[in-house]
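All the letters of the sequence shown, read from the start, carry residue numbers 26 to 516 under the working numbering.
Every residue, glycine too, gets a C-beta built ideally from N, C-alpha and C.
Note that this is a predicted model, so its numbers are computed, not measured.
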Amino acid sequence: MSELRLGEVMTADPLTAAPSASLAEIAAAMRGRGVGSTVIVEEGRVVGIVTERDALAALAAGAHPVAARAESWMTRSPLTLSPADGITHALEEMLNRSFRHIPIVDGGRLVGLVSLRQLVNAARIRHVDPWAPSTARGLENVTVAETALSFIDGRAGRLVYRGYDAVDLALRRSFEDVWHLLYHGDLPVDDAFARQTVRLRDLPLDRDLLGHLARRGGTFMSMLQSAISGTGAAWGIRPWHEGNPGEAEDEALRIATVLPTLVAAIWRLRAGHAPVDPDPSLGHAANYLWMLEGVRPAADRMLALERYLILTAEHGMNASTFTARVIASTGADVVAAVAGAAGAMSGPLHGGAPSLVLDMLDEIGTPARAAACVAEAIAHGRRVMGFGHRVYRAEDPRARCLRDTAEGLGGERVVLARAVETAALAQLRAAKPGRALYTNVEFYAAVVLERAGIPRELFTPTFSISRAIGWTAHIVEQVRDNRLIRPSADY
């Protein structure tokens, strides 16, 4: 069978605009057509393209959508292809250049537009890279959903939550404000949402039952996953597909709110102490520390934890979030999807890296040993924890913010971390020239969590507390426009 050509799969009537068009006009037109890009045309020639990413970048940079013009934010002289080109070539170009849309030109005239989704559907995810296996291992570079929740610009090192820079949010807003943003699409104008979460904090399970679970042994994450499932049973939650999908939003808020209560209760029961009731006068982050210790936290510890929670609340289609969306797509209840996501989070390749960073720092011990220990690890092929990222090809913006937060807390651990970071970046770049290796969020997350007073065993559960906001926001997004997620496999 001959390969499909772009003329057979392209959209023949693409959305177009002049260079002088405002981003507001372009965004409205894209929403109306349900498309993710606009081709910029001048005197019949393709001179640029504006995508949803460009619009988000403009907003993140502070541009006013009515005043901002396409010519200032478009990708100039974009790659164009011919209707006669094959889909394999187009896929290679898109994945190599991180494009999602390519204009199709014939005789200098715009005749269509092709998207990554169209090509993937047409190609059945085959032959993307002639030097790689025919399957997309790990679904790398495969788009499996559309989301309005976050945008990761791996090349520029930028993370955006619903149009707002995540680092700016961490520095200026409360965790509850960001939670409201991810759930509802805008920042709150009062504290009504925060007060709503306070009313939902109470321990949902019988203390004796939870104590029995806590004393049985096993990993903390396995206990938490069981407690989450037990909470769903105690609440009598049913599959969302059997009821009103609107119920899923209420259930998402309930389970995300109560997760810190479950973590703190299990932690204290394992140590032989009674759980501490939530304090309605405290915010989400401060209340978590209160329930762990029974002592009101110092302001600097609370602020450090809150920044961590904000910066890790949402991060696109990571393993645990994808797990949550897959489970939700089956029509299962919201709590089942969160329990499944917690199971994915328990894996050391996803949720366990911060505690491993501290293990590495413990082994190094002093700043004077940093360079030698890093060199030895690289020479023996051991991973230097806290460096490199699957998505970012520039410095992880969350790492920058947490580095500053850690330095604000101070202490010998922070001095050691800076020495290890300096040595690791220099030696990794020398050992692996051509690879973009930067500090990732886990490195300074470990230091910040430790300085905030979070026990090492609770690093992954605490990560789950923050990411539960992203999980549940994605679950609700899946429920609102559901299609069973069912990829195929090559035999």
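(request) Answer yes if the region 470-480 comes into contact with the region 181-188, meaning at least three C-beta pairs across the two stretches below 8 Å, and no otherwise. (result) The region 181-188, when compared against the region 470-480, does not touch it at the 8 Å Cβ threshold.
(message) Taking the beta carbon of R224 as the centre, do at least 16 other beta carbons fall within 10 Å, making it buried, or is it exposed?
(response) For the purposes of this step, residue 224 is taken as the residue at position 199 of the sequence shown. So R224 ends up on the exposed side.
(request) Keeping to the same chain, check which residues put their C-beta closer than 6 Å to that of D38; ignore five residues upstream and five downstream. (result) Residue mapping note: residue 38 aligns to position 13 of the sequence shown, counting from 1. Nothing listed; no residue qualifies.
(request) Taking only the alpha-carbon atoms, compute the straight-line gap between V153 and A147 and give it to the nearest angstrom. (result) Counting from one through the sequence shown, the residue named residue 153 turns up at place 128. Counting from one through the sequence shown, the residue named residue 147 turns up at place 122. Any reading at V153 must be qualified, since the residue scores a pLDDT of 42, below 50, and its modelled position is unreliable; the value itself is stated next. Taking the straight line from one Cα to the other gives about 12 Å.
(request) Taking only the alpha-carbon atoms, compute the straight-line gap between E420 and R263 and give it to the nearest angstrom. (result) As a working note, residue 420 is residue 395 in the sequence shown. As a working note, residue 263 is residue 238 in the sequence shown. Approximately 43 Å, taken between the alpha carbons.
(request) Can you give me the Cβ contacts of A338 inside the same chain, cut-off strictly under 8 Å, excluding the 5 residues immediately before and after it? (result) On the sequence shown, residue 338 is found 313 positions in, with the first residue counted as 1. Hits under 8 Å: Y186, F200, V203, W204, L207, S491, R492, I494 and G495.
(message) Tell me the DSSP secondary structure of R492 in three-state form.
(response) Taking the first residue of the sequence shown as 1, we reach residue 492 at position 467. In the three-state scheme derived from DSSP, where H, G and I count as helix and E and B as strand, R492 is classed as helix.
(message) Helix, strand or coil for P39? Go by DSSP, reduced to three states.
(response) The count along the sequence shown starts at 1 and reaches residue 39 at position 14. Taken through DSSP and simplified to helix, strand or coil, P39 comes out as coil.
(message) Check this for me: beta carbons of A95 and A46, under 8 Å apart or not?
(response) Sequence index remark: in the sequence shown, residue 95 carries index 70 (1-based). Sequence index remark: in the sequence shown, residue 46 carries index 21 (1-based). Taking 8 Å as the cut-off, the Cβ atoms of A95 and A46 count as close.
(request) From the DSSP output, in three-state form, read off G73 for me. (result) Translated into the one-based positions of the sequence shown, residue 73 becomes position 48. Strand.
(request) Within its chain, find whatever has a CB closer than 8 Å to the CB of L294; leave out the 5 residues flanking it on each side and keep chain order. (result) As a first step, residue 294 is located in the sequence shown; it is residue number 269 there, counting from the start. Short of 8 Å from the beta carbon of L294, and not among the five residues preceding or following it, lie these beta carbons of its own chain, in chain order: R232, L235, G236, A239, R240 and P300.
(message) Quick check: what's the CA-CA separation for F176 versus G297?
(response) As a working mapping, residue 176 is identified with position 151 in the sequence shown. As a working mapping, residue 297 is identified with position 272 in the sequence shown. Their Cα atoms are separated by approximately 43 Å.
(message) With H, G and I counted as helix, E and B as strand and the rest as coil, what does DSSP make of F468?
(response) In the sequence shown, counting from the first residue as 1, residue 468 sits at position 443. Three-state DSSP puts F468 in a helix.
(request) May I ask you to list the residues that DSSP assigns as paired with F176? (result) Along the sequence shown, read from residue 1 onward, the residue named residue 176 stands at position 151. For F176, DSSP records a beta bridge to V185.
(message) At the level of alpha carbons, what is the spacing between A310 and E68?
(response) To locate residue 310, count along the sequence shown from 1; it is residue 285. To locate residue 68, count along the sequence shown from 1; it is residue 43. Spanning the two alpha carbons is a distance of roughly 56 Å.
(message) Please classify R321 as buried or exposed, where buried requires at least 16 neighbouring CB atoms within 10 angstroms.
(response) Within the sequence shown, the letter at position 296 stands for residue 321. Residue environment analysis places R321 among the exposed positions, since fewer than 16 neighbouring C-beta atoms fall within 10 angstroms of its C-beta.
(request) Determine, using beta carbons only, whether L249 comes closer than 8 Å to chain D. (result) No chain D is present in this structure, which holds just one protein chain.
(message) Taking the alpha carbon of V416 as the reference point, which residue from S123, A329 and R279 has its own alpha carbon closest?
(response) Within the sequence shown, numbered from 1, the residue matching residue 416 stands at position 391. For the options S123, A329 and R279, the alpha carbon positioned closest to that of V416 is the one of S123.
(request) Mind checking which residues open and close the beta strand (DSSP E) that includes R134? (result) Counting from 1 along the sequence shown, the entry for residue 134 is found at position 109. Its beta strand (DSSP E) spans residues R134 to S140.
(request) State the DSSP-derived secondary structure class of G111, mapped to helix, strand or coil. (result) Here residue 111 refers to the residue found at position 86 of the sequence shown. In the structure shown, the three-state DSSP call for G111 is strand.
(message) Quick check for students: name the residue ranges of the alpha helix (DSSP H) that lie wholly in the region 247-286, counting only runs of 4 or more.
(response) Within the region 247-286, no complete alpha helix (DSSP H) run reaches 4 residues.
(message) Quick check: L278 and A252, are their CB atoms within less than 8 Å of each other?
(response) The count along the sequence shown starts at 1 and reaches residue 278 at position 253. The count along the sequence shown starts at 1 and reaches residue 252 at position 227. Not a contact, by the Cβ cut-off of 8 Å.
(message) I'd like the list of long-range same chain contacts for A49, defined as Cβ closer than 7 Å, with 5 residues on each side in sequence excluded.
(response) Locating residue 49 in the sequence shown gives position 24, counting from the first residue. If we look at A49 and ignore the five residues flanking it on each side, its Cβ neighbours are P90 and V91.
(message) For A289 and L330, I'd like the C-alpha separation in whole angstroms.
(response) What you label residue 289 is simply residue 264 of the sequence shown in a count that begins at 1. What you label residue 330 is simply residue 305 of the sequence shown in a count that begins at 1. Going from the Cα of A289 to the Cα of L330 covers about 15 Å.
(request) Compute the beta-carbon to beta-carbon distance between T497 and A281, rounded to the nearest angstrom, for a pair I have assumed lies under 8 Å. (result) In the sequence shown, residue 497 corresponds to position 472, counting from 1. In the sequence shown, residue 281 corresponds to position 256, counting from 1. In this structure T497 touches A281 by the C-beta definition: roughly 5 Å separates them, less than 8 Å.
(request) Would you list the one or two residues that DSSP bridges to H126? (result) Taking the first residue of the sequence shown as 1, we reach residue 126 at position 101. Per DSSP, S140.
(message) Closer than 8 Å is the cut-off here; do at least three beta carbon pairs connect the region 343-355 with the region 439-458?
(response) Counting C-beta pairs with one atom in each stretch, the region 343-355 and the region 439-458 have fewer than three that are closer than 8 Å, which means they do not touch.
(message) Quick check: what's the CA-CA separation for A344 versus T172?
(response) Looking up residue 344 in the sequence shown gives position 319. Looking up residue 172 in the sequence shown gives position 147. A direct Cα-Cα distance of roughly 15 Å separates A344 from T172.
(message) Between the alpha carbons of H405 and T36, how many angstroms are there, rounded?
(response) Taking the sequence shown and counting its residues from 1, one reaches residue 405 at position 380. Taking the sequence shown and counting its residues from 1, one reaches residue 36 at position 11. One C-alpha to the other measures close to 52 Å.
(request) For G243, count neighbouring C-beta atoms within 10 Å of its own C-beta (all shown protein chains included) and say buried if the count is 16 or more, exposed if not. (result) On the sequence shown, residue 243 is found 218 positions in, with the first residue counted as 1. Here G243 is exposed. Its C-beta has fewer than 16 other C-beta atoms within 10 Å.
(request) Compare the beta carbon distance of L104 and I127 with 8 Å and say whether it is the shorter of the two. (result) One-based indexing of the sequence shown puts residue 104 at position 79. One-based indexing of the sequence shown puts residue 127 at position 102. Yes; because the gap between Cβ atoms is below 8 Å, this pair is in contact.
(request) Would you mind giving the Cβ-Cβ distance between V501 and A273, rounded to the nearest angstrom? I have them listed as a contact below 8 Å. (result) Counting from one through the sequence shown, the residue named residue 501 turns up at place 476. Counting from one through the sequence shown, the residue named residue 273 turns up at place 248. About 6 Å separates the Cβ atoms of V501 and A273, confirming a contact at the 8 Å cut-off.
(message) Can you tell me whether D506 is buried or exposed? The criterion is at least 16 other CB atoms within 10 Å of its CB, across all chains shown.
(response) Along the sequence shown, read from residue 1 onward, the residue named residue 506 stands at position 481. Taking a 10 Å sphere around the C-beta of D506, we find fewer than 16 other C-beta atoms and assign the residue as exposed.
(request) Rounded to whole angstroms, what's the CA-CA distance from W292 to V382? Just pull it up for me. (result) Translated into the one-based positions of the sequence shown, residue 292 becomes position 267. Translated into the one-based positions of the sequence shown, residue 382 becomes position 357. Going from the Cα of W292 to the Cα of V382 covers about 22 Å.
(request) State yes or no: is the C-beta of G73 within less than 8 Å of the C-beta of R101? (result) By 1-based counting over the sequence shown, the position of residue 73 is 48. By 1-based counting over the sequence shown, the position of residue 101 is 76. The answer is yes: Cβ separation under 8 Å.
(request) Whole angstroms is fine: what's the gap from E28's alpha carbon to L106's? (result) Here residue 28 is taken as the residue at index 3 of the sequence shown, counted from 1. Here residue 106 is taken as the residue at index 81 of the sequence shown, counted from 1. Computed Cα separation, rounded: 16 Å.
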